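full-length UniProt numbering puts the first residue of the sequence shown at 1, with every later residue one more than the last.
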Amino acid sequence: MQRFLFATGIESSYPVISLPDGTSKRVDEMEKSGHYRRWKDDLGLAHSLGVDALRYGPPYYRIHLGPGRYDWEFTDQVFAEIRRLGLVPIVDLCHFGVPDWIGDFQNPDFPQYFAEYARAFAERFPWVALYTPVNEMYVAAKFSARKGLWNERQATDRAFVTAVKHLARANILATEAILQVQPEARFVQSESSEYYHPSGPDAMEHARHLNELRFLALDFTYGVDVSGRTYEYLMDNGLTREEYHFFLDRSVKTHCIMGNDYYATNEHIVYPDGKVYVCEMFGYYVITKQYYDRYRIPVMHTETNNRDEGAGEKDARVWLEKQWSNLLRLKADGVPILGFTWYSLTDQVDWDSSLGEDAGRVNHYGLFDLERRMRPVGDAYRNLIRTWRSQVDNGFICLR
């Protein structure tokens, strides 16, 4: 039986972006938040909240130095402390970036190199049982190859399809590699739960198309046949029949938990001219239910946050209660729920520009600020865990 997990996480994104002067720079959220200096403090803070699990992404680009070459020094220290504290790590092996020598998500060799890294990680840490091999595959592809913001910084349908197929293939090959070492491992597919609303009849077809693309990475991972129109789109943009059947034949669904991330920016209004604007209409329940109805596997709420400014609807404490209530409603309606996550432990930096600007702006999304002082939402989350602990420990929400 997989017990219910209260979780938080260390924000660990590390994409490459373009600077105004035309040069490139890797932006590393663990560097910006001070985690590399204060990692032991951060793990202690997570433990003090009473969470069961910690989403943690070792810096892939720093560890995998080349084929068969790894630098484990920092990761060894961190995971020894995670184990000592009794936290359950959910390990993000790739979080929006790859080592410089691999290049970007357009590289067809990325999946195989990544699988080698995943196996090496599992061999070094055989006690780790929960993984997110590739974090938010759809978002990684969208921002890198459709919006032109990260990594390859392209903005074409062909680049997007290429990124999605490589990310999903990497995810599957890494899953298979880890299972060879740790047969009891389970895989939490942390994916952005999105929805596109048409602004009017003229935008309905475009919204339909985008609503099919949001599922693409999970369709590939779980071996789901896409619609005829989406199949044509994939074929028109470089996917081969052999590649498509790889995904149909290599599904890893039976080893997976579906992680659904939800923020106030996850819903969008689509206009006839192609412009897309952020909105929040349905909420976590409605959108996650769509994903569950499509894939029918257990769910974990793997990311959420909101600004902790202390007033109004956007107050993080109100948002926390709203997400938890949505989760309980899903459980009451028969969806197997395995966990809840406030992401991240500390405030983040430059996510107001989707990491596209290296401006150093602090975003008040954490349970603690960057001085490691608890925010009001941190206290609220700790109290929520205490309030519900006996219920979830007695199997109230667990999957049997």
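In this text, a Cβ means the ideal position worked out from N, Cα and C, and glycines have one as well.
Bear in mind that the values here come from a model prediction, so they are computed numbers and not experimental data.
_Taking DSSP's pairing of strands, which residues face K25 in a bridge?_
I17
_Selected residue, minimal CA-CA separation from Y277, among F96, Y195 and K25_ = Y195
*I think N135 touches P15, with their Cβ atoms under 8 Å apart; what is that distance to the nearest whole Å?*
With 8 Å as the limit, N135 and P15 do not qualify as a contact, their Cβ atoms being about 11 Å apart.
_Same chain only: Cβ atoms within 7 Å of I172, ignoring 5 sequence neighbours per side_ = T221, R250 and V252
_Anticipated Cβ contact below 8 Å, I297 with M235, distance rounded_ = That pair is no contact at about 28 Å.
*Shorter than 8 Å from the beta carbon of E205 to some beta carbon of chain C?*
Within the model displayed, chain C is absent; a lone protein chain is all it includes.
*Would you tell me roughly how many angstroms separate the C-alpha atoms of Y284 and S190, rounded to the nearest one?*
14 Å
*C-alpha distance - E123 paired with Q182, whole-angstrom precision*: 8 Å
*Determine, using beta-carbon pairs with one atom in the segment 341-354 and one in the segment 286-294, whether at least three such pairs fall under 8 Å.*
No contact exists between the segment 341-354 and the segment 286-294.
*Consult DSSP for D261 and reduce its assignment to one of helix, strand or coil.*
strand
_Ignoring anything shorter than 3 residues, give me the beta strand (DSSP E) runs that lie fully in the segment 129-163, in order along the chain._
130-134
_Residue range of the unbroken beta strand (DSSP E) whose run includes A7_ = That run of the beta strand (DSSP E) goes L5 to G9.
_beta strand (DSSP E) segment containing A46, residue limits_ = If you look at A46, you'll find it isn't in any beta strand (DSSP E); it sits in the alpha helix (DSSP H) that goes H35 to L49.
*asked:* Under DSSP, the beta strand (DSSP E) around I82 begins and ends at which residues?
replied: Not the beta strand (DSSP E): I82 falls in the alpha helix (DSSP H), residues E73 to L85.
*Given a cut-off of 8 Å, decide if L210 and Y295 are closer than it, judged by their beta-carbon atoms.*
no
*Taking buried to mean at least 16 other C-beta atoms within 10 Å of its own C-beta, is R317 buried or exposed?*
buried
*Spatial distance of A174 from G57 (CA atoms)*: 15 Å
_Using only the alpha-carbon positions, how far apart do P272 and D202 sit?_
5 Å
_Assumed close pair L248, V164 - CB separation to whole angstroms, cut-off 8 Å_ = At roughly 15 Å, the Cβ-Cβ gap does not stay under 8 Å, so L248 and V164 are not in contact.
*Report yes or no: do the segment 84-98 and the segment 45-59 share at least 3 C-beta pairs separated by less than 8 Å?*
yes
*Confirm, please, whether the CB-CB distance from R186 to A118 is below 8 Å.*
no
_Taking 7 Å as the limit between beta carbons, can you name the residues of its chain near W101, skipping five residues before and five after?_
G66
_Distance, I269 Cα to V78 Cα_ = So the two alpha carbons sit approximately 42 Å from each other.
*Can you tell me which of I90, T240 and R375 puts its alpha carbon nearest to the alpha carbon of C256?*
I90
*Sorted by chain position, which residues of the same chain lie with C-beta nearer than 6 Å to K32's C-beta, five sequence neighbours on each side aside?*
V349
*Kindly confirm or deny that the segment 236-246 and the segment 152-161 touch, where touching means at least three C-beta pairs closer than 8 Å.*
yes
_In the DSSP assignment, the alpha helix (DSSP H) including E243 goes from what residue to what residue?_
R241 to D249
*By Cβ distance, which residues of its chain are closer than 8 Å to A170, with the 5 residues on each side in sequence left out?*
Once the five neighbours on either side are set aside, the close Cβ partners of A170 are C94, F110, P111, F114, A115, P133 and V134.
*So, using beta-carbon positions, are Y343 and E303 closer together than 8 Å?*
yes
*asked:* Looking at the secondary structure, which residues open and close the beta strand (DSSP E) in which G339 lies?
replied: I337 to Y343
*Between the C-alpha atoms of N326 and D21, what's the straight-line distance to the nearest angstrom?*
45 Å
*For I385, does the three-state DSSP call read helix, strand or coil?*
Correct three-state label for I385: helix.
*S193 beta carbon less than 8 Å from that of D92*: For the 8 Å CB-CB criterion, D92 and S193 do not form a contact.
_Separation of I337 from L330, as counted between CA atoms_ = 8 Å
_Between F368, S24 and H197, which has its C-alpha nearest Y381's C-alpha?_
F368
*Based on Cα-Cα distance, which residue from W388, A168, Y61 and M374 lies nearest to V98?*
Y61
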